[in-house]
Amino acid sequence: MRPPPECRSFTSAAVKKELSRISAQITDPDIRQLFINIMPNTLDTAIAWHYPGGTKDKLAYPYTFVFTGDINAQWTRDSTDQLLSLLPYAVADASLNTLIAGLVNMQADQIAAYPFANAYRSPARSGLVPGENDWTKGDTRTVFAAKFEIDSLAAFFKLSTVFWRQQQQQDADSLLDMGAPTFDSEQRLTDATVRFVRTANTPTESSFGGGRGNPIRHTGMVRTLFRPSDDSVIFPFLVPANAMLAVELRALADMLDKTGDTTIASRSRRLAEDITCGIYEFGTAEHPKYGHVFAYEVDGYGSRLLMDDANVPSLLALPYLGFVNATDPIYQNTRCMLLSPDNPWYFSNGALSLLNGIDSPHTVFCKVWPMSVAIQALTSNDQQEIVDAEHVLAASTAGLGLMHESGDIDSANGNSFTLP
23 MRPPPECRSF
33 TSAAVKKELS
43 RISAQITDPD
53 IRQLFINIMP
63 NTLDTAIAWH
73 YPGGTKDKLA
83 YPYTFVFTGD
93 INAQWTRDST
103 DQLLSLLPYA
113 VADASLNTLI
123 AGLVNMQADQ
133 IAAYPFANAY
143 RSPARSGLVP
153 GENDWTKGDT
163 RTVFAAKFEI
173 DSLAAFFKLS
183 TVFWRQQQQQ
193 DADSLLDMGA
203 PTFDSEQRLT
213 DATVRFVRTA
223 NTPTESSFGG
233 GRGNPIRHTG
243 MVRTLFRPSD
253 DSVIFPFLVP
263 ANAMLAVELR
273 ALADMLDKTG
283 DTTIASRSRR
293 LAEDITCGIY
303 EFGTAEHPKY
313 GHVFAYEVDG
323 YGSRLLMDDA
333 NVPSLLALPY
343 LGFVNATDPI
353 YQNTRCMLLS
363 PDNPWYFSNG
373 ALSLLNGIDS
383 PHTVFCKVWP
393 MSVAIQALTS
403 NDQQEIVDAE
413 HVLAASTAGL
423 GLMHESGDID
433 SANGNSFTLP
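Under the working numbering, the first residue of the sequence shown is numbered 23, with each subsequent residue one higher.
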């Protein structure tokens, strides 16, 4: 179920060639069709605006704006993931390489305008009608949603290959500020680097503590206000997002070393080490059934939230993010906990359920996200578990041949889902 060629938003000869090569090797017809539909889906449907750059225009460099989901806005983390999987094919396709470079430039401009946002409006020069809401913070000409999520900056680091010298310094300063405790040594309230408050009918749409989040003590980690699901955190140190950030800061430091920016490289590497130490010192817990496990959120006071959310970065995705090996003992303990009813957001209806897996508070109860099933496969060393996950994903499309946001565990045919 792909759009006809004339309706596709971008085409790549290299992706087309790889699509043909891989699909020819897939024997299961449902999995083959699913792969054919989803591999080029971002190029088919989500490239809202692309300017390839030129010497006669004020825009000498390329820019790309990527729609995320069903909203006319660009999420930093999501747009990174949407194009990151296509990056290997850019070596053989100059136009695809320019497209991805344009996204890096676009993200850099957006973050420079307001580094604490998670989603941005389309630029005026694109001619697109920007998405609207009534609770935007920061630069309202640029920002669509100002829910500060540290994995958004980590996603920018992950994708970036150009235009980093000016931007990385600002981001590094922002992250260092976000590790400060809520109270000083004399229990006086410290200044908040960023706040987020809005009137909403669900508590996850605003932040505790007058918009600054619940209190924290210094741990070495970076606090956040929101999860990758765009839901507010309970405890501000979100462990999987910090794990992702530590990995990407080390990669950033390696890049900066090679370009001679050793001062910023050293700061990035030191922050990554502080985060990692903080995770192991404050971001783990002893579970009575599973032993030593990673917590989802902590506050530095001893409070820990033991759960997982389907959205990435997640605890289940820690090997996928590059933070630990899939055989790591703490991860394996955590994985057993997460893929069981001892994770309050794991749902199953036994043999009657088409989908068994991890949900998200974003979609309330009993809605398993195919994303979590895919991550379960990507982090598994069990071939049968991987094959089973592939068949679950192929069977959950309700005949549309595309991945949905989530599916109801009580739906025997996959016809009850959110965000097709």
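Note that CB positions come from ideal geometry on N, CA and C, so glycine has one too.
- Between E407 and I53 a beta carbon distance of about 16 Å is seen, past the 8 Å cut, so the two are scored as non-contacting.
- Using a Cβ-Cβ distance cut-off of 8 Å, the segment 278-287 and the segment 355-364 are not in contact, since fewer than three pairs of beta carbons, one from each stretch, lie closer than that value.
- With a cutoff of 8 Å on beta-carbon distance, L267 and A176 are scored as near each other.
- The beta carbons of L338 and Q405 sit no closer together than 8 Å.
- Residue burial is scored here from C-beta neighbours: F178 has at least 16 other C-beta atoms within 10 angstroms and is therefore classed as buried.
- In this structure, R239 sits near G322, with a CB-CB distance shorter than 8 Å.
- The alpha-carbon separation between K169 and I297 amounts to approximately 21 Å.
- In terms of Cα proximity to S144, the closest of A70, A112, Y83 is A70.
- In the three-state scheme derived from DSSP, where H, G and I count as helix and E and B as strand, A317 is classed as coil.
- Only residues of its own chain outside the window of five on either side were considered, and among them W391, E427, S428, T440 have a CB closer than 8 Å to the CB of T385, listed in chain order.
- Between D66 and R30, the gap from beta carbon to beta carbon is short of 8 Å.
- Assigned with DSSP and collapsed to three states, G305 falls in coil, not helix or strand.
- Rounded to whole angstroms, the Cβ separation of V126 and S182 is 5 Å, and the two are in contact under 8 Å.
- Taking V37 as reference, the option from D50, R24, M61 with the minimal CA-CA separation is M61.
- Residue burial annotation: L121 is buried, with at least 16 other C-beta atoms found within 10 angstroms of its C-beta.
- For A82, no alpha helix (DSSP H) segment is defined, and its DSSP state is neither H nor E.
- Taking 8 Å as the cut-off, the beta carbon of P258 is found closer than this to the beta carbon of N236.
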